[in-house]
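Chemist:
There are 2 protein chains.
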Amino acid sequence: MVPLPFDRAEYAARLARIRGEMARRDIGLMVVTDIANQHYITGYDGWSFYTPQVVLVPVEDEEPVWVGRAMDAAGGRLTAWMRPENVLGFPESYVQQTDRHPMDWIAELIGARGWGRRRIAVELEAYYYSPKAHARLVAGLPAATILDAELLVNWVRAVKSPAEIAYLRNAARLAEAAMRAAAEIIAPGVRECDAIARIYAAQMGGHQDFAGDITALPPTILAGENASAPHLMWSDRRFGADETIALELAGACRHYTAGLARTMQLGRPGPKVLDTAKAVLEGMEAVLAAVRPGVTGEDVEAAWRTVIARHGLKKESRIGYSIGLGYPPDWGEHTISLRQGDRHVLEPGNVLHSILGMWMDGWGIEVSETILVSERGCETLTEFPREVARK
Amino acid sequence: MVPLPFDRAEYAARLARIRGEMARRDIGLMVVTDIANQHYITGYDGWSFYTPQVVLVPVEDEEPVWVGRAMDAAGGRLTAWMRPENVLGFPESYVQQTDRHPMDWIAELIGARGWGRRRIAVELEAYYYSPKAHARLVAGLPAATILDAELLVNWVRAVKSPAEIAYLRNAARLAEAAMRAAAEIIAPGVRECDAIARIYAAQMGGHQDFAGDITALPPTILAGENASAPHLMWSDRRFGADETIALELAGACRHYTAGLARTMQLGRPGPKVLDTAKAVLEGMEAVLAAVRPGVTGEDVEAAWRTVIARHGLKKESRIGYSIGLGYPPDWGEHTISLRQGDRHVLEPGNVLHSILGMWMDGWGIEVSETILVSERGCETLTEFPREVARK
């Protein structure tokens, strides 16, 4: 068996917390459809979620059951901690057919295990779980009461253990390596895709003591005409002589992710670039001064808002979110947000990616930190000079 | 605006084919939820699909409408070909909230455009469209008739244009560069993650004339104890002295993907490795001899099956599928499969990734080709020696 990322006691503790919440909500069975949550519970790790894949968690103290495609059950038995009888594959004849669906098979399995009349909570807003899949599950479980599990597992994930924090520190080292690689290679005349090549290489092999994993979002380079919008993809465009470049990078270790955004300036900056950067750095200082146990997500956002308002700026979108275990397409955990209206009270072990992105007309500034809420304040896991790098 | 991957006439031709099929099925509006289909129709390209994102296609000859998160509408206006009024963002206040949902806003938009009483076909089995999202869309459109769009757009995509084939040829060059990089670096004592680093670098920057894109599946190295299962992830394990290594790689250009799998042997092969490899290579010859216009998916599979049965082998899973435009998590298009029961008649412009993977007890053999169905037969887009490389 492939070494588990955590010891068995940690998986038991996770399940105990999940089951406590299940009992409180009178849930008899959870159908975990979120891939990161599946990994969190079972240790399973494979790129197999392009066909339906679930983890079944009964409220009793029994092993969860992983179900995926038959050919991937072999990988399930290599990577998940459960006994082989709880790592099951639906037959190949169910893959991408019009007249049957893997969820038909999974509904039958739920019935066969004696769980078909329970209050069953299904994660209804997970990536890779489709409306058709859900309709077939519901049709196959006529005696069950189907509920939305909402973010039950995600909220359990919001407080990180020391072992998880250790992986996040490794991830931060890889994020720093990726940012160093970017700073080294990016120069006028270099192609964006060649910078991306170096960044990927650093993300995967950038530390001698551990491997890097795929990050849930690919590296983002926002430069030239793409600079005024987030989330665009690279191309073979060459960096110009005078360009502001926002880099949104990350590192991942055993799927634990640290985000790191910085801004570079090639040649002469535009008129407002340095002023905006100054405001954003001051804003980050305010965020770091605000984060500690007992304050809310909106308290932290208010601290930032006060600073940038003084500089005559504003930003509509949130300035951060809970980060930790991530599979594509998102490393955010969909729980805590740093924004107005977020009343979650921060506690030690929360980890936040605070990303201050200002996308202006034809250029943009981004700075981010991955921040661990500690007993009395906070600490940035990522360490990299925050100033706009001139080159 | 960022240069479109295709000229406007090609987008018009795609829409005409989609609308012909919509009219035939009496569909008044399509809600396209598959990200690759959205790109195919609009040219939009951003890593923004971790919040809900749709493309609305009315049956009339009007521009489609892209809808995503407000901050990503800026990128939509840079990358999609429609006029700005047809590239819309739902407000930031709808992002990951418990009391409202982006699909509420999108349902309202559909009503406001006068489409709320139509027969509306929604893609119900796309990766980033959740049961909750669909429930909110349906609730917001009480006067509509909601249908499953099924694979309508995917089937239109199954026949590639010359411009698409040109991108696939570029992708094949990147896949070959990635395989060359893997063959160079892999040796006893090298870490898997360092091989992955080189592979990624080749995928992104491996050709001087065009950029590489992220591939829908990450590179896969199956070696050591992982070799008996597909789809597992790399680690910092070091390659051993005597090891069979299956490499499932790809290249992508403008999101068009060519897959390429090969097997390497470090040191001495196990007793059945070379015999199995011989059978698989003979099977690939049979596949390539069988693929031509007029034959079905199951005809091709039968040709393979006959060969490997003669060698005393069998394989449960399909041996190939339609490939082309791909976003994570899958480069398969979910239409044509090379397997028993597939009656799709191949036609010129179909592109298949035929992957012959035999996962045995502790080792595995993989060989694949990306195959273009031509006027009279077929051609492999990927060119790389097929034999097991000894090192």
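Heads up: the protein sequence lines correspond to chains A and B, in order. Number 401 marks the last residue of the first sequence (our numbering); no jumps. Number 401 marks the last residue of the second sequence (our numbering); no jumps. Yeah, the Cβ is synthetic: ideal placement off N, Cα and C, and Gly gets one too.
#1: Shortest alpha-carbon distance to A:GLU160 belongs to which of B:ALA154, B:ALA153, B:LYS142, B:ALA173?
#2: Need the endpoints of the alpha helix (DSSP H) that B:ASP246 sits in, please.
#3: Checking contacts by CB at 8 Å: is A:LEU242 closer than that to chain B?
#4: State the start and end residues of the unbroken beta strand (DSSP E) segment that holds A:GLU258.
#5: By the three-class DSSP mapping on this structure, what secondary structure does B:GLY215 have?
#6: List, in order along the chain, the chain A residues whose C-beta lies closer than 7 Å to that of B:TYR60?
#7: In the DSSP assignment, the alpha helix (DSSP H) including A:GLY30 goes from what residue to what residue?
#8: Is the shortest distance between the beta-carbon of A:ALA176 and the beta-carbons of chain B less than 8 Å?
#9: For B:LYS142, decide whether its Cβ has a neighbour in chain A, counting only Cβ atoms nearer than 8 Å.
#10: Ordered along the chain, which non-local residues of its own chain (more than five positions away) have a Cβ less than 6 Å from that of A:THR230?
#11: Which value, in whole angstroms, describes the spacing of the CA atoms of A:THR326 and A:ARG349?
#12: At a CB-CB cut-off below 8 Å, which residues of chain B make contact with A:PRO228?
#13: Are the segment 387 to 397 of chain B and the segment 298 to 313 of chain B touching, with three or more C-beta to C-beta distances below 8 Å?
#14: What three-state label does DSSP hand B:SER347 in the structure shown?
#15: Please state if the CB of A:ILE175 and the CB of A:THR155 are separated by a distance shorter than 8 Å.
#16: For A:MET274, tell me which candidate among A:ALA197, A:ALA90, A:VAL41, A:GLU95 has the shortest Cα-Cα distance.
#17: Taking the beta strand (DSSP E) that A:VAL148 belongs to, which residues open and close that run?
#18: From what residue to what residue does the alpha helix (DSSP H) around A:LEU184 run?
#19: Taking just the CA atoms, how far does A:GLU295 sit from A:PHE59?
#20: Within 10 Å of its beta-carbon, does B:SER347 have 16 or more other beta-carbons around it, so buried, or fewer, so exposed?
#21: Which residues in the same chain have their Cβ closer than 8 Å to the Cβ of A:ALA221, if we skip the five residues on either side of it in sequence?
#22: Spell out a yes or no on whether the segment 237 to 257 of chain A and the segment 276 to 284 of chain A are touching, meaning 3 or more CB-CB pairs, one atom from each, closer than 8 Å.
#23: Within a Cβ cutoff of 6 Å, which residues of the same chain sit near B:LEU382, ignoring the five residues on either side of it in sequence?
#24: Should B:SER332 go down as buried or exposed, given a rule of 16 or more other Cβ atoms within 10 Å for buried?
#25: From this set, A:GLY351, A:PRO240, A:ASP340, A:ILE365, which residue's C-alpha is nearest A:TRP373's C-alpha?
#26: Here's the rule I'm using: 16 or more other beta-carbon atoms within 10 Å means buried, otherwise exposed. How should B:THR316 be labelled?
#27: List, in chain order, every chain B residue whose beta-carbon is nearer than 7 Å to that of A:GLY261.
#28: Do B:VAL283 and B:THR254 have their C-beta atoms within less than 8 Å of each other?
#29: Are the beta-carbon atoms of B:VAL77 and B:LEU119 separated by less than 8 Å?
#30: Just to confirm the assignment, what range does the beta strand (DSSP E) spanning A:TRP76 have?
#31: In its own chain, which residues sit with a C-beta less than 6 Å from the C-beta of A:GLY318, not counting the 5 before and 5 after it?
#32: How big is the Cα-Cα spacing for B:TRP369 and A:LEU98?
#33: Would you please verify whether the beta carbon of A:THR165 is less than 8 Å from any beta carbon of chain B?
#34: Any beta carbon from chain A within less than 8 Å of B:MET81's own beta carbon?
#35: Would you mind stating whether A:MET189 and A:PHE394 have Cβ atoms separated by less than 8 Å?
#36: Can you tell me the Cβ-Cβ gap for A:ALA187 and A:GLY261, rounded? I've got them flagged as a contact below 8 Å.
Modeler: Looking at the atomic coordinates:
#1: B:LYS142
#2: Run containing B:ASP246: none; DSSP gives neither H nor E here.
#3: yes
#4: 253 to 263
#5: helix
#6: PRO339, ASP340
#7: 18 to 34
#8: no
#9: yes
#10: GLU258
#11: At residue 326 of chain A the sequence reads Glu, which differs from the Thr that was named. If you take the alpha carbons of A:GLU326 and A:ARG349, they lie about 9 Å apart.
#12: TRP57, ILE224
#13: yes
#14: strand
#15: no
#16: A:ALA197
#17: Counting along the chain, A:VAL148 falls outside any beta strand (DSSP E), though it belongs to the alpha helix (DSSP H) covering 141 to 150.
#18: 172 to 195
#19: 40 Å
#20: buried
#21: MET214, GLY215, CYS263
#22: yes
#23: VAL361, GLU389, LEU391
#24: buried
#25: A:PRO240
#26: exposed
#27: Chain B residues near A:GLY261: none, gap ~12 Å exceeds 7 Å.
#28: yes
#29: yes
#30: 75 to 79
#31: Inspection of the sequence shows that residue 318 of chain A is occupied by Ile rather than by Gly. Taken in chain order, the residues that qualify are ALA289, GLY293.
#32: 17 Å
#33: For the sequence presented, residue 165 of chain A should be read as Trp rather than Thr. By this cut-off, A:TRP165 is not an interface position.
#34: yes
#35: yes
#36: 7 Å
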